[in-house]
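Chains A and D supply the protein sequences, listed in that same order.
Residues in the first sequence are numbered consecutively from 2, following our numbering.
Residues in the second sequence are numbered consecutively from 20, following our numbering.
We treat Cβ as the ideally placed atom computed from N, Cα and C, and that holds for glycine.
Just so we're clear, the structure is a prediction, and the values are computed from it rather than from any experiment.
See below for the structure under consideration.
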Amino acid sequence: MLKKISINKISELAAALMGKGLLLAPVKENSGYNFAEIKNPNQVDLDFHNTIASPKAAFFPHKEDFIKYETGKPIGAASVIGLSLPPTFLFGVRPCDVKSFGIMDIHFNASGIIDPYWKQRREVTTIFGYAFDLEKPAETEEFYQTLGIGAADPEGSDVFMIKKGDDLLLDSVTAKGEKLLAELKNFAEGKVTDKKYYDEYIKKGREYKTRSMCLEPEAITKKLEDLFHNTDFWMGVSSACLSCGICTFVCPTCYCFDICDDTLFGQGTRRRVWDACMFTDFTLEASGHNPRTHVYQRLRQKVCHKYSFHVRKYGVISCVGCGRCTKHCPVNIDIYSIIEDAMKA
Amino acid sequence: MTDFKQIENNLKKEAKRLLEAGEVTVVLAYGRGYDEKHSMPFAAKTSADVEKLVFNEYCNFNMARYLMRYPCGTKIAIAAKAADSRAIVQLIQEEKVRREDLIILGIPAYGMKNQKTDEVVDSKTTCGLYNPPLYNILLGEEVHGQPVVSPYEVLAEYEAMDKEARWAFWKKEFDKCIRCYACRKACPMCYCDPCFIDQSKPRWADKAPQSPGNMMYHLTRFHHLAGRCIDCGECSRACPVDIPLYLFHKKVAKECEEMFGQAAGMKLEDKPVLVDFRVEDSDKILE
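Structural data, given as structure tokens:
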């Protein structure tokens, strides 16, 4: 089902969604846009290129409290913090970021231990994908085309949106999206010409240019395996790296976390907090030994995990080319250039 | 002021000469990043590397941050703008590096820009001095005169706030913190190993990005830099959520200067104010 809404009236759509549950959409903050809970329908603003942080926090929050306990009390006295989630609408997610949810599903929702928190959030959430504006050029940092992702790929979304002049065209991709659009009776259905425009837009999105190179997963995996012990190469590409955690925190596919117990005056919380392989203490063992003491080892781990180990283990590259790591790196380290250099090395 | 292109040429020339003569094993300066606008810190080790060196208005990086990665005794040439040179002076005072191991390639410059916002940083987020206080070779003409704007002028709005307003201001700013630790990693003075925030026995603050832990981290870091911060503004530039860390550092630096008549990293023979004691020292801090 295709719906057509004037962008001026986006707040009406926002209000309708808020009436059904929780709405998460890009909101303008001081330093740029970020996904946030919408309290006032007028806050929704689609005039963004992409958000600073990736939308992964919608399913995998930076901190998640699991258990409350009191020290000195038996374990039975501890209480598990359950989740009670309203239907959630994640609105305005760019196609490359939508792809990242599928990659993250491999770890949290596909095999082995299923993460109940991730799973429940995924189940209650309807994803509104939003195509990049094909009229405007891509940002220099982006390279999703390299990874075979188009600027207007609807896969992975429940409802997919594109811009047509001053209007927004919304099409359902999944049965969940179809049902939701059918329920939004106040909004007009698109015409046949709109459908044609929509289909062509999706097709054109495949040709949208970002930085790109020919990248065979098998070839890059092999190349990085061969380069693994080439210390000079890794020292070279990491010589500027400060070893902070920005790249991993803004990354849509970084999923490492730490479980911590925080106790204050006998009251404790066991929680999960994002961790970053770029931190010195990430691999610090209880014995005091640290297998990754150098910056180059940590950067090598990050790059190889995404482009080599992940391919070996799960068959896909764990990167969607959104370019956030490059854009927010304080010293302009560019993962695309590292991969390019690796292929040439 | 010598233009940036000329400084770049001089930098290349000196770097090449020093590397070829074997006077240094590495030149810490700036290289080209993934495009023209995005330069990055770069360590040139061969004369072929020298061709990759650049200098433009976006080269804000404080190369003093990288000095301690090299073993003591390594002969290093380092490109240093005013604040970077102050950082080197401070590190020498703190005995983290040795003066005789360094050849400082001073860069007299103003009008540096933040690549994210394209705003001129000068005395807003950095110390705004034109000339490096310590150098071996100056890569351009010394800029005459004093900066028109004091580095503390940007504090006017902050200082007009009362105690409660300041507390509310910082609480709000710290709530934005995502604990990526880019501020401490970009800071040339943050070299503690391990940093208190990474310690687990005892754990000084929780790991989650929330208020008590964020507060503990930033306030401790702020105070640990009292009298040591050389006002390069790198912490604020590195911050992905734009916390104006420079305000606190500038405020403390201003108070130190008023109380002890000394700014950090200006003179090699000075001692950092908090390790120096003089009978005539101000007692204002105790009041």
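Cut-off 8 Å between Cβ atoms - residues of its own chain near residue i, not counting five sequence neighbours on either side
i	result
residue 81(A)	67, 68
Nearest-angstrom Cα separation, counted from residue j out to residue i
i	j	result
residue 28(A)	residue 248(A)	21 Å
residue 1(A)	residue 205(A)	Limits of chain A in this structure are 2 at one end and 346 at the other, which puts residue 1(A) out of reach.
residue 345(A)	residue 53(D)	16 Å
residue 123(A)	residue 239(A)	36 Å
residue 267(D)	residue 241(D)	7 Å
residue 93(D)	residue 47(D)	12 Å
residue 317(A)	residue 102(A)	13 Å
residue 295(D)	residue 115(D)	17 Å
residue 136(A)	residue 85(A)	41 Å
residue 151(D)	residue 75(D)	17 Å
residue 192(A)	residue 143(D)	54 Å
residue 21(A)	residue 84(D)	51 Å
residue 296(A)	residue 74(A)	42 Å
residue 248(D)	residue 264(D)	11 Å
residue 202(D)	residue 62(D)	21 Å
residue 291(D)	residue 52(A)	42 Å
residue 287(D)	residue 293(A)	36 Å
residue 200(D)	residue 233(D)	11 Å
residue 130(D)	residue 70(D)	24 Å
residue 23(A)	residue 35(A)	16 Å
residue 313(A)	residue 211(D)	38 Å
Cutoff 8 Å: residue i Cβ touching any chain A Cβ
i	result
residue 256(D)	yes
residue 61(D)	yes
residue 314(D)	Residue 314(D) is absent from the model: chain D starts at 20 and stops at 306.
residue 260(D)	yes
residue 16(D)	Any property of residue 16(D) remains undetermined from this structure, which presents chain D solely from 20 to 306.
residue 201(D)	yes
residue 57(D)	yes
residue 204(D)	yes
residue 103(D)	no
residue 137(D)	no
residue 194(D)	no
residue 215(D)	no
residue 241(D)	no
residue 23(D)	no
residue 267(D)	no
residue 74(D)	no
residue 279(D)	no
residue 188(D)	no
residue 80(D)	yes
CB contact below 8 Å: residue i versus chain D
i	result
residue 347(A)	Because residue 347(A) is not part of the residues shown, which for chain A are 2 to 346, the question remains open.
residue 332(A)	yes
residue 241(A)	yes
residue 259(A)	yes
residue 250(A)	yes
residue 290(A)	no
residue 338(A)	yes
residue 335(A)	yes
residue 110(A)	no
residue 327(A)	yes
Segment limits, alpha helix (DSSP H) that includes residue i
i	result
residue 235(D)	230 to 243
residue 381(A)	This structure cannot speak to residue 381(A), because chain A is shown only from 2 to 346.
residue 101(A)	96 to 106
residue 267(D)	264 to 279
residue 326(A)	325 to 329
Residue i - containing beta strand (DSSP E), residue span
i	result
residue 268(A)	268 to 275
residue 162(A)	160 to 165
residue 10(A)	It is not in any beta strand (DSSP E) - residue 10(A) carries neither H nor E in the DSSP assignment.
residue 172(A)	168 to 173
residue 297(A)	Note, residue 297(A): premise wrong, no beta strand (DSSP E); alpha helix (DSSP H) at 296 to 305.
residue 263(A)	258 to 265
Cβ neighbours of residue i in the same chain (closer than 6 Å, five flanking residues each side left out)
i	result
residue 276(D)	282
residue 139(A)	211
residue 128(D)	100
residue 302(A)	278
Proximal residues of chain B, C-beta to C-beta of residue i below 8 Å
i	result
residue 227(D)	Looking for chain B here will not work: the only protein chains present are A and D.
Own chain partners of residue i with C-beta closer than 7 Å, once the 5 adjacent residues on each side are dropped
i	result
residue 258(A)	273, 274, 275, 276
residue 157(D)	125, 127
residue 79(A)	68, 69, 70
residue 241(A)	332, 334
Three-pair Cβ contact test at 8 Å for the stretch 9 to 18 of chain A versus the stretch 39 to 56 of chain A: yes
Hey, is the stretch 134 to 141 of chain D in contact with the stretch 183 to 192 of chain D, meaning 3+ C-beta pairs nearer than 8 Å? no
Any contact between the stretch 221 to 233 of chain D and the stretch 190 to 198 of chain D? By contact I mean 3 or more CB pairs, one from each, below 8 Å. Segments in contact, yes.
Does the stretch 29 to 41 of chain D come close enough to the stretch 318 to 328 of chain A to have 3 or more Cβ pairs within less than 8 Å? no
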